[in-house]
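Report on the following structure.
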Ligand code: GAR
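See the structure below:
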């Protein structure tokens, strides 16, 4: 069975959905949840679901991303993952780290990529007057929020939306899209899924 490690930075609601789907449907085994923040709420949730956790604080490393990643790699490699899922992991990874997991690392991003890579996606969609927003699951390449798109879900932008209300509407769809894409990816299916 394919082994899946997940990187988070915060509450980890997408991570929870991935673990729940793997445990309920048995299509892969969640072997590690790691975070750059020991206070990330998702770590306790992962432990409660019986998944090993690790925390490597990025702050002592300052701007030395390679040194941070060298520490982060240790628990990841020890868990022997086949696939690495970024789920609200908010550190930019070096090309060297990405190359290590080339063709086996996924990310979920809260916009309809290629629109709005980076941060503040919902605010940018509202300010642009977009009538729809959404989320994307893609393979990770060295270019931020780039890489082959594997799944996308669209949601309407509603009059009066704030970044918060739109983010909440998109997040509901993220929770459905990411497990569905991972399940197909594990089975070798890289075709686009539009939910
Ligand atoms: C999600 O909306 C995810 O798409 C976004 O962070 C949130 C994490 O929520 N990721 C990014 O912005 C990556 N650049 P979660 O911790 O509850 O899954």
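Numbering (UniProt numbering), first residue to last: 1 to 195.
All C-beta atoms, glycine included, are put in the ideal place defined by N, C-alpha and C.
Taken in chain order, the whole alpha helix (DSSP H) runs of length 4 or more contained in the segment 41-105 are 41-48, 65-78, 95-100. Residue 92 and residue 61 have their C-alpha atoms some 14 Å from each other.
Relative to ligand 1, the beta carbon of residue 114 is positioned no closer than 8 Å to any heavy atom. Contact between residue 4 and residue 15 is absent: CB atoms are separated by about 10 Å, not below the 8 Å threshold. For residue 138, the uninterrupted beta strand (DSSP E) segment begins and ends at 132-139.
Residue 120 carries a coil assignment under DSSP once its states are collapsed to helix, strand and coil.
Residue 150 counts as buried, since no fewer than 16 other beta carbons sit within 10 angstroms of its beta carbon. Membership of residue 152 in the beta strand (DSSP E) is indicated by the continuous run 149-156. The shortest C-alpha to C-alpha distance from residue 10 to any of 50, 33, 26 is the one to 33. Partner residues in the beta bridge of residue 3, as assigned by DSSP, are 29. When the beta-carbon positions are compared, residue 152 and residue 134 come within less than 9 Å of each other. Taking every protein chain shown into account, the CB of residue 172 has fewer than 16 other CB atoms within 10 angstroms, so this residue is exposed.
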